[in-house]
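Same order as they appear, the protein sequences are chains A and B. Be aware that the first sequence starts at 41, since it is given in the working numbering, and climbs by one per residue. Be aware that the second sequence starts at 66, since it is given in the working numbering, and climbs by one per residue.
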Amino acid sequence: MTTTTAPPTPPGAHLPEHPDFLWRNPEPKRAYDVVIVGGGGHGLATAHYLARNHGITNVAVLEKGWLAGGNMARNTTLIRSNYLWDESAGIYEHALKLWEGLEEDLGYPILFSQRGVLNLAHTEQDVRDSVRRVEANRLNGVDAEWLGPDEVAKVCPIVNVSDDIRYPVQGATFQPRAGIAKHDYVAWGFARRADEAGIDLIQHCEVTGFTTDGDRVIGLRTTRGDIACGTVALCAAGHTSVLLDELGIPAPLQSHPLQALVSELLEPVHPTIVMSNAVHVYVSQAHKGELVMGAGIDAPTGYGQRGSFSIIERQMAAAVELFPVFARAHLLRSWAGVVDVTPDASPIIGCTPYDNVVLNCGWGTGGFKATPGLGWCLAHTTAHGEPHPLVAPFGLDRFSTGALVDEHGAAAVAH
Amino acid sequence: MQLITCPWCGPREETEFHYGGAATVPYPADPAALGDDAWARFVFVRPNPKGPATEQWSHAAGCRRWFTAVRDTRTHRFLATVDIQPEVPR
Ligand SMILES: Cc1cc2nc3c(=O)[nH]c(=O)nc-3n(C[C@H](O)[C@H](O)[C@H](O)COP(=O)(O)OP(=O)(O)OC[C@H]3O[C@@H](n4cnc5c(N)ncnc54)[C@H](O)[C@@H]3O)c2cc1C
Ligand SMILES: [Zn+2]
Numbered sequence: 041m042t043t044t045t046a047p048p049t050p051p052g053a054h055l056p057e058h059p060d061f062l063w064r065n066p067e068p069k070r071a072y073d074v075v076i077v078g079g080g081g082h083g084l085a086t087a088h089y090l091a092r093n094h095g096i097t098n099v100a101v102l103e104k105g106w107l108a109g110g111n112m113a114r115n116t117t118l119i120r121s122n123y124l125w126d127e128s129a130g131i132y133e134h135a136l137k138l139w140e141g142l143e144e145d146l147g148y149p150i151l152f153s154q155r156g157v158l159n160l161a162h163t164e165q166d167v168r169d170s171v172r173r174v175e176a177n178r179l180n181g182v183d184a185e186w187l188g189p190d191e192v193a194k195v196c197p198i199v200n201v202s203d204d205i206r207y208p209v210q211g212a213t214f215q216p217r218a219g220i221a222k223h224d225y226v227a228w229g230f231a232r233r234a235d236e237a238g239i240d241l242i243q244h245c246e247v248t249g250f251t252t253d254g255d256r257v258i259g260l261r262t263t264r265g266d267i268a269c270g271t272v273a274l275c276a277a278g279h280t281s282v283l284l285d286e287l288g289i290p291a292p293l294q295s296h297p298l299q300a301l302v303s304e305l306l307e308p309v310h311p312t313i314v315m316s317n318a319v320h321v322y323v324s325q326a327h328k329g330e331l332v333m334g335a336g337i338d339a340p341t342g343y344g345q346r347g348s349f350s351i352i353e354r355q356m357a358a359a360v361e362l363f364p365v366f367a368r369a370h371l372l373r374s375w376a377g378v379v380d381v382t383p384d385a386s387p388i389i390g391c392t393p394y395d396n397v398v399l400n401c402g403w404g405t406g407g408f409k410a411t412p413g414l415g416w417c418l419a420h421t422t423a424h425g426e427p428h429p430l431v432a433p434f435g436l437d438r439f440s441t442g443a444l445v446d447e448h449g450a451a452a453v454a455h
Numbered sequence: 066m067q068l069i070t071c072p073w074c075g076p077r078e079e080t081e082f083h084y085g086g087a088a089t090v091p092y093p094a095d096p097a098a099l100g101d102d103a104w105a106r107f108v109f110v111r112p113n114p115k116g117p118a119t120e121q122w123s124h125a126a127g128c129r130r131w132f133t134a135v136r137d138t139r140t141h142r143f144l145a146t147v148d149i150q151p152e153v154p155r
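Laid out in structure tokens, this is it:
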């Protein structure tokens, strides 16, 4: 055996030790009690609550890319629960309450900042709809107020509430408990906890097909070999249709690009979140200082994580109209995710024609805010084989029964 | 900006066009015979392929005519644009 001496290290080239990894990178086992398809926020939160609330830990989360590199890495992190209908208030408010204690539960910083959200009204119809939503929110125990233009300016002094814009601000709903969080930290916090509980997080493992036996799925075909399963929970967001096509389950989903953008870093100028469905933009300022903006989906479907620049142009025009102070801010980056949109702008959660497959999809443009609430309820649904009461109204069967949960009014700009 | 070839006007900027969803969705031959699930499927469920999709587009800010396009949803690339397919006689 020969000994080799390491070449001399040039000055300054000493790297610090790699920090501790937050999770293992295990080889997939050949079978699990529960297999979660999709390692975004929802898959990871479901894994955490399976362990925490139900003691189920023989679980794998299979992720085709890197952990939380899909919409979880791309969203604009708005968290709120001021949706119109009782069904939505139920799940989103459950989630918001969990957000309020999540840092403690995960033992990990998530920078949850409850800075409130203003949903602007620009027309008389907007005003009527908004006041109605405030009343509905209050009846459901969701904090909500109606503010006139002067009060809007007090909450957010940089919004242009003057009359000399195309669609003057007539007022806004305000939910003080709404906020933003650091999306990556949220994913890592859930992942770390799930891993600690013994759950296998398996990256670069794409599910390409299923082996079925009657009305059960007995195994998954993956790019890292076949894996047998007790129960399967689908959390594939924008790619859900690809999996459902494999299973032969028809579902009303359309996958669209959804874009967002950030400005360069600025001094703190924007104290809250402002959304405008009519002028079509929403803006917050991230902890580091960049303005974070988004709007609606690109109309054509697309799986390419890429959208049209005309959409970005339009939302910047809206932003500059509402916030004249942004006129000289530079656009730093824009990007897109693939979001799975349903006809009623509400998610699809629950059982499927297969006995042991539970489905979670259709969150479209607004599922980040639901992450802990959905994880809680999907873990319950997976553990008990029947929907948690808070997600029961969101089953696939609602498109046959007609009991839609139409949230276009509260979710049109969405998020 | 992406260019889309209108079968009548030739290549034009994408903002002149309106996306009209999946093409070739036939109206049910015997609507009265459909149960709730079949209706739900007709009203709400559309193909959502990752790959070539057959779609309806209209040249809204141009000749205003509808046409059929085959577009790859992974890349947004148009593989073909042709005159709208004549309605299948029932
Ligand atoms: C630009 C943008 C802005 C948004 N803003 C907000 C917002 O402000 N507030 C809000 O509440 N929501 C927002 N959303 C929506 C939110 O991001 C999504 O609803 C939510 O992230 C979906 O759940 P997820 O985190 O599990 O999805 P994802 O992170 O997309 O996770 C799904 C995972 O499944 C994996 N996968 C797919 N197919 C397979 C397969 N066959 N095998 C293995 N793995 C697979 C994917 O790689 C992906 O990692 C926004 C979305 C985008 C794109
Ligand atoms: Zn034309």
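Even for Gly, the Cβ is constructed at its ideal location relative to N, Cα and C.
Contact annotation, residue 167 (chain A) with residue 192 (chain A): C-beta distance approximately 12 Å; criterion of less than 8 Å not satisfied. Boundaries for residue 269 (chain A): no alpha helix (DSSP H) harbours it, while the beta strand (DSSP E) harbouring it runs 265-274, taken from the DSSP string.
Residue 355 (chain A) does not reach chain B, its nearest Cβ partner there being about 14 Å away, counting only Cβ pairs nearer than 7 Å.
Annotation: the continuous beta strand (DSSP E) that includes residue 120 (chain B) extends over 117-123. Just measuring C-alpha positions, the residue of A:147, A:230 and A:120 sitting nearest residue 216 (chain A) is A:120. Listed as beta-bridge partners of residue 333 (chain A) by DSSP are A:301 and A:323. The segment 293-300 of chain A makes no contact with the segment 128-142 of chain A, as fewer than three CB pairs between them are under 8 Å. Relative to ligand 1, residue 112 (chain A) has its C-beta within less than 8 Å of a heavy atom. Relative to ligand 1, the beta carbon of residue 115 (chain A) is positioned inside 8 Å of a heavy atom. Rounded to the nearest whole angstrom, the CA to CA distance from residue 233 (chain A) to residue 372 (chain A) is 34 Å. Not a single C-beta of chain A is nearer than 9 Å to the C-beta of residue 97 (chain B). Look at residue 63 (chain A) here: in three-state DSSP terms it is coil, with no helix or strand label. Residue 390 (chain A): member of the beta strand (DSSP E) spanning 388-391, first to last residue. With a cut-off of 8 Å, the C-beta of residue 275 (chain A) is classified as distant from ligand 2, since no heavy atom of the ligand falls inside that distance. The Cβ of residue 339 (chain A) sits closer than 9 Å to at least one Cβ of chain B.
For residue 291 (chain A), the neighbours in chain B by C-beta distance under 8 Å run, in chain order, 110. Only buried fits residue 438 (chain A), as 16 or more other CB atoms lie within 10 angstroms of its CB. Between residue 266 (chain A) and residue 99 (chain A), the C-beta spacing is not below 9 Å. Per DSSP, reduced to three states, the secondary structure at residue 261 (chain A) is strand.
About 7 Å separates the Cβ atoms of residue 382 (chain A) and residue 404 (chain A), confirming a contact at the 8 Å cut-off.
Shown here, residue 96 (chain A) sits in coil according to DSSP, grouped into three states, outside any helix or strand.
Under the Cβ distance rule, residue 114 (chain A) does not count among the residues neighbouring chain B, no pair being separated by less than 9 Å.
At a C-beta separation below 7 Å, residue 139 (chain B) has these neighbours in chain A: 343 and 344. Membership of residue 375 (chain A) in the beta strand (DSSP E) is indicated by the continuous run 371-381. At a cut-off of 9 Å, the C-beta of residue 148 (chain B) has no neighbouring C-beta in chain A. DSSP places residue 170 (chain A) in the helix class (H, G or I) of the three-state scheme. The straight-line gap separating the alpha-carbon atoms of residue 331 (chain A) and residue 100 (chain B) is approximately 50 Å. Neighbourhood of residue 92 (chain B) in chain A, by CB distance below 9 Å: empty, with the nearest CB roughly 18 Å away.
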